[in-house]
Amino acid sequence: MEQIKPKKITLNPFEKVVEKLYELFDNNVLRYSVLITMTAFLVYLPRASSLFTQEIMTNMFFYVVVCLGLNIIVGFAGLLHLGYAAFFAVGAYVTGIMSATYGINFWLTLPFSIVAAIIAGLAIGAPTLRLRGDYLAIVTLGFGEIIRITVRNVGITGGAVGLIGIERPVFFGIVLNQISHFYYMFFILSIIAIFVSYRLYDSRLGRAWQYIREDEDAAAAMGINVVTTRLSAFIIGSCFGALAGSFFAVKMTAISPDSFMFIHSIMILLAVVLGGMGKIPGVVLGAIIVTIFPEISRDIGQYRLIIFAVILLVLMIYRPQGLWPDRQFQSTKK
Amino acid sequence: MTLWEIFLQQLFNGLLIGSFYGLVAIGYSMVYGIIKLLNFAHADIYMGGAFVGLIALSFFADSAIGNAWLGIVLSLLISMFLIGILGVLIQRVAYRPMLKAPRLSILITALAVSMLLYNTVMLLTHGQFRPFRTGLTHDSFFVGALRLTETRVVLLVAAILLMFILHQFVTRSMYGKAMRAISLDRDTCQLMGINVYKIVAITFFVGSALAAAAGVMAGVFYGTVHFYMGFFIGLKAFTAAVIGGIGILPGAMLGGLLLGLLESFATQIPFIGSVWQNVFSFVFLILFLIFKPTGILGRAESERM
Amino acid sequence: MALLEIRDLTLRFGGLCAINGLSLEIEEHSIRSLIGPNGAGKTCVFNCLTGFYKPSSGDMLFQGASLINKKPHFVTYRGMARTFQNLRLFKQLSVLENVMSGMHCRTNSGFFSSVLRTKGQQAEEKHIREVAEECLDFVGILDKKHHMAKNLPYGDQRRVEWARALATQPKLLMLDEPAAGLNREEKARLIELIARVRDERKITIFLIEHDMSLVMKVSEKIFVIDYGTKIAEGTVREVQDNPLVVEAYLGKEEQEDAV
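Respectively, the protein sequence lines represent chains P, U and L. Going by this note's numbering, the first sequence wraps up at 703, each residue one higher than the last. Going by this note's numbering, the second sequence wraps up at 325, each residue one higher than the last. Going by this note's numbering, the third sequence wraps up at 249, each residue one higher than the last.
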């Protein structure tokens, strides 16, 4: 039998490093020791750093959560979502209204936040995803603005001023009101988000999303219901966003329509695309870059969006897979 | 005003606004038809058209040309030409390298182009409204119960004329035939010796020029332009394209007119009003996607594998 | 009762008639081929059967139940698997993951069981993997399971597609030009594989093929179509001697020029 060799693959130095890292990470001992060290460092960090650093880190964890949520939709399922901030607003306003107006305990508002996200996701996703996947992009774009108009013009959301006096959550008797509290809260949330992302990625559902992203017709021919599977990605991703929004609301204690502008949807999308759509470490990297970038470059303020646009354009033309490289071989573990 | 007068007035307004939507929708629909791309930048092309028209107009206002309409027509043509070229450039730089890439990549590219145009104009204009001085009078006259101004009548006639010219171009010329052929099967067209890139470029030129025309006309109509003017009209043009059947040109025109009329009448319903006008259009889009996704003129497509 | 029965199937695109009143039957455990000149409508038949195209009229019965208005995923669930004329692999995924896709419609764990990694879900994952590996072994590329699909040579990519179709555990396997682009050895292996699929796995096979030598070696009965209409049906010998078939094939070049 003729021996057929696989095609020769050339990797750049960064890709080699990452490939090496993956190989090393197949070693359980090494993997856990690195993860434990990192966790220990991040747990210790608030004791040794300024409030400013904590604030930025909290913001970063928050971005990790929302980016991973959007990654389920954009990265795993390959659907362009341009109104993610709107889902985020849905969660924030559900919690905000229930907490500020009706004084309901924060933790009890979370299920309602999820239900609201599911309803909104169905209303937007079900008519659109039945058709071509790319209709979703423009419909979510519109939805983002529609939500903003709605919260601006409805009494219950406090109009353009927004909601104030959202109650601080209580966790095992501790009122969470310090920045370090929220640091830990979002740290835990981001760990949960990473964990859930990995579990989903390596599951029947997660694979189905990727099959559809790669080739919709072939996926259908393999017995995958394209419409419901896509819809599930859209709704699960939306729930991530809404939950993050709820936590955002209690951290800020005040929300207004301006917290959920188009630019936020774009920032989150940029992080996902920059890091590498569908690749969890890449998305985390993207989230970190997008949070730190504005901090170290404050004076470019008004040019920021133009720079983002150029980055997106250049990325799509020259490196559509994002900063984090694609793997050439599967992990041999399992 | 009596109910009949309100009806007539809204009918005319709806047709006029709808014809703007239609002109923008044509570009969406043409580009979608030929390369299956939702060109987000199209809304910003429209906005760009308005600004180029504004600059050209201020030039003519200072020069010796006495007739206001002549200045407007010249500005319109200049804007159409320049923005058409811009459309071709965008196509060449951003979209052409992406034609074989996954759909998601080209959508993101379109988004990036849109952001680039939008934010550049925002910076240049400091995010302010700019007056669109045409020097036209606002004398109105009556046709029966309908109160009209010269401006509005001319704009409506011009929009319909542009659509008519486009229709002739697409149905009569070789370019139109090639466009339709490419939308069916791009690879085969290439094999048959059609210069696909050239046809795609022409499509972008025509679509962008029409959007620019709509932009200038909107400037004349509203009297101001601003960087944000493209956002909702982009969404509505997409809605119009979907209503008519995306990829079908007469459908885009019909969809535009229909949406314009619907909106115009909807603002008369006390609860909706003008604040909710955009929300109304969006809900209408969703309803259309649920009940008639192929559009009025569209057929259920049997896509080739 | 035949496993698959097509009755008077017609498919029109605008004014063009891609399939015109086609009727045929495929018995269980048989190997049947559909041949015809280029553009005769062969792939259209597959696309109608698998729910990608909606026929204009006629009926298609699989195990006695109609396939009209059924979505592709449901058709696969019912037990019909197909391959594509042009390879349609999930290029960025590993060979194993590609084949695991076939098991999707035979399993059912969802969001919560995946996140919590329940016992049932773990068992199911193991089962999916085992079936996929077994299918890869069956087509002979188990050793390449961790490669990215796009990095495999063409012949191996074809085999991934067969394994993927087998993993859906079909009753009827529909192969769209399985020999296209294969070299002679690979074709020989394909012929052997087709026979094994039928004999060892008790799967009925329906294939479209251009390579006449291959068709003659594997299939017991052939359907010939031209312009969407069946012009002949029978054993290799019967079909070969049929004057209509000879005309369809020999007249081919002229007709293509005319189009």
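All residues carry an ideal CB built from backbone N, CA and C; glycine is no exception.
- Sixteen is the threshold: when 16 or more other Cβ atoms of the shown chains lie within 10 Å of the Cβ of U/T171, as they do, the residue is buried.
- A Cβ-Cβ separation of about 17 Å leaves L/I25 out of contact with L/S13 under the 8 Å criterion.
- Following the DSSP letters along the chain, one finds U/T169 inside the beta strand (DSSP E) bounded by residues 166 to 169.
- For U/F251, the closest C-alpha among the options U/Y138, U/P313, U/L317 is that of U/Y138.
- Taking a contact to require three or more Cβ pairs closer than 8 Å, the segment 486 to 493 of chain P and the segment 432 to 450 of chain P do not qualify as touching.
- In its chain, beyond the 5 residues on either side, no residue has a beta carbon closer than 6 Å to the beta carbon of U/L144.
- Judged by DSSP secondary structure, L/D189 falls within the alpha helix (DSSP H) whose first and last residues are 174 to 191.
- If you draw a straight line from the Cα of P/A589 to the Cα of P/R582, it comes to about 11 Å.
- Not a single C-beta of chain L is nearer than 8 Å to the C-beta of P/M685.
- In this structure, U/I55 places its C-beta atom within 8 Å of the C-beta atom of U/V220.
- At a cut-off of 8 Å between beta carbons, U/V51 makes no contact with chain P.
- Secondary structure in the segment 493 to 542 of chain P: the alpha helix (DSSP H) runs of 4 residues or longer, each lying completely within the stretch, are 504 to 522 in chain order.
- When the beta-carbon positions are compared, U/I253 and U/I316 stay at least 8 Å from each other.
- Among the CB atoms of chain L, one or more fall inside 8 Å of the CB of P/M591.
- At a cut-off of 8 Å between beta carbons, U/P117 contacts chain P.
- Contact between U/V245 and U/F152 is confirmed by a C-beta separation of about 5 Å, below the 8 Å threshold.
- When C-alpha distances from P/L449 are compared across P/F410, P/N428, P/A506, the shortest belongs to P/A506.
- In the DSSP annotation of this structure, the continuous segment of the beta strand (DSSP E) that includes L/F213 starts and ends at 211 to 216.
- The DSSP-derived three-state label of L/N141 is helix.
- Nearest CB-CB separation between P/Y580 and chain L: below the 8 Å threshold.
- If you ignore the 5 residues before and after L/S99, its C-beta comes within less than 6 Å of the C-beta of Q111, E114, all in its own chain and listed in chain order.
- Listed along the chain, the chain P residues whose CB falls inside 8 Å of the CB of L/F101 are L569, L574, S601, I605.
- Exposed is the label assigned to L/H19, since fewer than 16 other Cβ atoms lie within 10 Å of its Cβ.
- Secondary structure note for L/I221: its beta strand (DSSP E) is the uninterrupted segment 219 to 224.
- Those residues of the segment 515 to 533 of chain P placed with their C-beta closer than 8 Å to a C-beta in chain U are I515, I518, T519, N522, ordered along the chain.
- One finds nothing in chain P with a Cβ atom closer than 9 Å to the Cβ of L/S203; even the nearest lies about 20 Å away.
- Relative to L/G69, the option among L/H137, L/Q53, L/D166 whose CA is nearest is L/Q53.
- For P/I581, the enclosing alpha helix (DSSP H) starts and ends at 573 to 583.
- Under the 10 Å beta carbon count, P/R400 is surrounded by fewer than 16 other beta carbons and is classified as exposed.
- Between the C-alpha atoms of U/I222 and P/L479 there is a straight-line separation of about 52 Å.
- Per DSSP, the continuous alpha helix (DSSP H) segment holding P/G614 begins and ends at 595 to 621.
- Excluding five sequence positions before and after P/F556, the CB atoms of its chain that fall closer than 7 Å to its own CB belong to L411, F430, given in chain order.
- Contact of P/A446 with chain L is not assigned, every C-beta pair being separated by 8 Å or more.
- At a C-beta separation below 9 Å, P/I466 has no neighbours in chain U, since its nearest C-beta there lies roughly 19 Å away.
- Around P/G575, the same chain offers F445, L569 as residues with beta carbons nearer than 7 Å, after the five sequence neighbours per side are excluded.
- Judged by DSSP secondary structure, U/A201 falls within the alpha helix (DSSP H) whose first and last residues are 194 to 204.
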